[in-house]
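*Asks:* This note's numbering puts the first residue of the sequence shown at 180, with every later residue one more than the last.
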Amino acid sequence: MLDRFKVPPGDRVYVMPDRIRAATEAVFRKMGVDKEGARTCTDVLITNDLRGIETHGVSNMLRRYVREYSEGRLNPNPAMKVVRETRTTATVDGDRALGLHVGPAAMGMAIAKAREYGIGAVSVFNSGHLGGCGYYAMMAAEQDMIGHCMTAGGARQTLPTWGAEPRLGTNPIAYAAPARRQAPFLFDVATTQVAGNKIALARRLGISLLGTWIAREDGTPITEETPVPEKYYMLHAGGTRENGSHKGYGFALMNEIMCNELSGVGPGFLIQGSGGHFFAAYRIDAFTDLEKFKD
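Okay, here's the thing in structure tokens:
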């Protein structure tokens with residue numbers, strides 16, 4: 180299944196990471212992002228590419244971000260501020276920052292709180308696309324903590340189970356945990372049948388989609404293999420009620436609650452073009468022996 184999302188060998192263009200990193204930073208700088216912000220945003224994209232997550236890498240996402248900066252939907256130099264805080268929690272106003280810009284700082288804040296108090300959780304509102312959630316969860320795992328990240332955009336993309344009108348985004352979630360002899364555990368998925376960016380990638384590559392990945396405009400699941408239609412809706416993990424889509428829908432709703440309602444912005448389908456994020460870090464030795472855990 181995943182092979183269909185790979186660029187055919189004859190069409191591939193290989194670029195060394197340092198060259199694409201420099202070029203991507205230059206694009207962000209051209210959009211008005213300061214040097215540190217450009218470096219941060221670029222690192223999220225490049226890391227996704229190096230991990231094989233091309234759906235959230237440079238080639239699939241940078242054009243979108245340039246368009247949103249150019250249209251004034253994103254603030255290239257946001258004044259992000261904490262609007263509510265306790266020792267272990269915080270809520271941050273992203274000031275229309277790209278999620279890649281505010282996300283690392285928010286997870287860094289959660290990690291700092293966890294380092295001191297055992298647990299840290301930070302919600303962010305008034306922010307753009309977060310990119311791959313796994314990047315932020317891995318930030319905590321690299322500090323010998325368990326990392327958790329969720330995002331719920333304002334896009335009305337996904338149909339509820341038995342629904343005919345979209346109410347949620349693809350609402351991805353990620354967890355990461357450290358290990359000693361193996362690579363860190365990382366679980367990073369959308370709560371839909373397939374990530375939204377995979378649809379965009381499929382359109383770019385001219386490939387078809389499998390049955391029950393998406394629905395027609397009237398809400399009917401497309402059960403046969405199909406090219407990417409001009410208009411469609413996403414389906415929650417499971418695809419249909421018979422195959423368990425209520426489970427994907429339930430996870431997506433919890434994501435909506437943790438990202439949008441908890442941050443104070445309200446239902447995602449009412450806040451088009453913006454959304455909330457949630458970041459958490461758990462210091463393992465606050466719960467159990469770290470060395471035993473990593474073994």
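Every residue gets a Cβ at the ideal spot worked out from N, C-alpha and C, and that includes glycine.
Can you give the Cα-Cα distance for A459 and R263, rounded to whole angstroms?
*Replies:* As a position in the sequence shown, residue 459 is number 280, starting the count at 1. As a position in the sequence shown, residue 263 is number 84, starting the count at 1. Going from the Cα of A459 to the Cα of R263 covers about 16 Å.
*Asks:* What number of angstroms, rounded off, separates the C-alpha of R172 from the C-alpha of F207?
*Replies:* With the chain represented from 180 up to 474, any question about residue 172 goes unanswered, as that position is not in the structure.
*Asks:* Within 10 Å of its beta-carbon, does F457 have 16 or more other beta-carbons around it, so buried, or fewer, so exposed?
*Replies:* Here residue 457 corresponds to residue number 278 of the sequence shown, with the count starting at 1. Looking at its Cβ environment, which holds 16 or more other Cβ atoms inside 10 Å, F457 is buried.
*Asks:* Give a yes or no on contact between the segment 247-258 and the segment 382-398, applying the rule of three or more CB pairs nearer than 8 Å.
*Replies:* Contact fails: fewer than three Cβ-Cβ distances are below 8 Å.
*Asks:* Secondary structure at G326, three-state DSSP: helix, strand or coil?
*Replies:* Here the question's residue 326 lines up with position 147 in the sequence shown. Of the three classes helix, strand and coil, the one that applies to G326 here is strand, per DSSP.
*Asks:* Look at the Cβ atom of G311, then the Cβ atom of H425, and state whether they are nearer than 8 Å.
*Replies:* Along the sequence shown, read from residue 1 onward, the residue named residue 311 stands at position 132. Along the sequence shown, read from residue 1 onward, the residue named residue 425 stands at position 246. Not closer than 8 Å, so no.
*Asks:* Find the nearest neighbour of P187 within the set V212, T219 and R383, judged by alpha-carbon distance.
*Replies:* To locate residue 187, count along the sequence shown from 1; it is residue 8. For the residues V212, T219 and R383, the minimum Cα distance to P187 belongs to R383.
*Asks:* Going by the CB atoms, is the gap between L241 and L229 shorter than 8 Å?
*Replies:* Position 50 of the sequence shown holds residue 229. Position 62 of the sequence shown holds residue 241. No; because the gap between Cβ atoms is not below 8 Å, this pair is not in contact.
*Asks:* Would you list the residues sitting across from K260 in a DSSP beta bridge?
*Replies:* Looking up residue 260 in the sequence shown gives position 81. Per DSSP, D272.
*Asks:* Taking the alpha-carbon positions, what's the A416 to E321 distance?
*Replies:* Along the sequence shown, read from residue 1 onward, the residue named residue 416 stands at position 237. Along the sequence shown, read from residue 1 onward, the residue named residue 321 stands at position 142. The C-alpha of A416 lies about 29 Å from the C-alpha of E321.
*Asks:* Going by the beta-carbon positions, is the gap between M259 and D272 smaller than 8 Å?
*Replies:* Stepping through the sequence shown from its first residue, residue 259 is reached at position 80. Stepping through the sequence shown from its first residue, residue 272 is reached at position 93. Yes.
*Asks:* Among the candidates E440, D474 and D367, whose CA atom is the shortest distance from the CA of N305?
*Replies:* Reading the sequence shown from its first residue, position 126 is the one you call residue 305. Of the listed residues, the one whose Cα sits closest to N305 is E440.
*Asks:* Output yes or no for whether 8 Å exceeds the beta carbon distance between M317 and A355.
*Replies:* As a working note, residue 317 is residue 138 in the sequence shown. As a working note, residue 355 is residue 176 in the sequence shown. In contact: M317 and A355 (Cβ atoms closer than 8 Å).
*Asks:* If you draw a straight line from the alpha carbon of T203 to that of D464, how long is it in whole angstroms?
*Replies:* Counting from one through the sequence shown, the residue named residue 203 turns up at place 24. Counting from one through the sequence shown, the residue named residue 464 turns up at place 285. Looking at the two C-alpha atoms, the distance is approximately 38 Å.
*Asks:* Measure the CB-CB distance between V281 and V261 and report whether it falls below 8 Å.
*Replies:* Translated into positions along the sequence shown, residue 281 becomes position 102. Translated into positions along the sequence shown, residue 261 becomes position 82. For V281 and V261, no; Cβs fall outside 8 Å.
*Asks:* Out of R359, P351 and N227, which one is the CA nearest neighbour of D367?
*Replies:* Stepping through the sequence shown from its first residue, residue 367 is reached at position 188. Comparing alpha-carbon positions, the option among R359, P351 and N227 lying closest to D367 turns out to be P351.
*Asks:* Once you ignore the five residues that flank G307 on each side, which residues in its own chain have a CB closer than 6 Å to its CB?
*Replies:* Within the sequence shown, residue 307 is the residue found at index 128, counting from 1. L253, L277 and G278.
*Asks:* Where L469 and Y314 are concerned, what is the direct C-alpha to C-alpha distance, given to the nearest angstrom?
*Replies:* On the sequence shown, residue 469 is found 290 positions in, with the first residue counted as 1. On the sequence shown, residue 314 is found 135 positions in, with the first residue counted as 1. Cα to Cα, the separation comes out at about 22 Å.
*Asks:* Between the Cα of N239 and the Cα atoms of I298, M288, T219 and A379, which residue gives the shortest distance?
*Replies:* One-based indexing of the sequence shown puts residue 239 at position 60. Its Cα nearest to that of N239, the residue A379 stands out among I298, M288, T219 and A379.
*Asks:* What three-state label does DSSP hand T337 in the structure shown?
*Replies:* Within the sequence shown, the letter at position 158 stands for residue 337. Strand.
*Asks:* Going by C-alpha distance, which of V407, I298, G429 and A343 is nearest T399?
*Replies:* Numbered from 1 along the sequence shown, position 220 holds the residue referred to as residue 399. The alpha carbon of T399 has as its nearest neighbour, out of V407, I298, G429 and A343, the alpha carbon of A343.
*Asks:* Would DSSP call L253 helix, strand or coil?
*Replies:* For this step, residue 253 is matched to residue 74 along the sequence shown. Here L253 sits in coil by DSSP.
*Asks:* A291: which of S442, T265 and V444 sits nearest, CA to CA?
*Replies:* Indexing the sequence shown from 1 puts residue 291 at position 112. The residue with the shortest Cα to Cα distance from A291 is T265.
*Asks:* Helix, strand or coil for Y193? Go by DSSP, reduced to three states.
*Replies:* Taking the sequence shown and counting its residues from 1, one reaches residue 193 at position 14. The answer is coil: DSSP assigns Y193 none of H, G, I, E or B.
*Asks:* Which same chain residues, not among the five before or five after C328, have their C-beta less than 6 Å away from its C-beta?
*Replies:* Locating residue 328 in the sequence shown gives position 149, counting from the first residue. The residues are C312, Y315, A316, A353 and F458.
*Asks:* Can you tell which of A331, D397 and R360 has the C-alpha that lies nearest to the C-alpha of A374?
*Replies:* Taking the sequence shown and counting its residues from 1, one reaches residue 374 at position 195. When only C-alpha atoms are compared, the closest one is A331.
*Asks:* Give the range of the beta strand (DSSP E) segment to which S306 is assigned.
*Replies:* As a working mapping, residue 306 is identified with position 127 in the sequence shown. Unbroken beta strand (DSSP E) run through S306: I298 to S306.
*Asks:* Can you name the start and end residues of the alpha helix (DSSP H) that D397 belongs to?
*Replies:* In the sequence shown, residue 397 corresponds to position 218, counting from 1. Per DSSP, D397 belongs to no alpha helix (DSSP H) and is neither H nor E.
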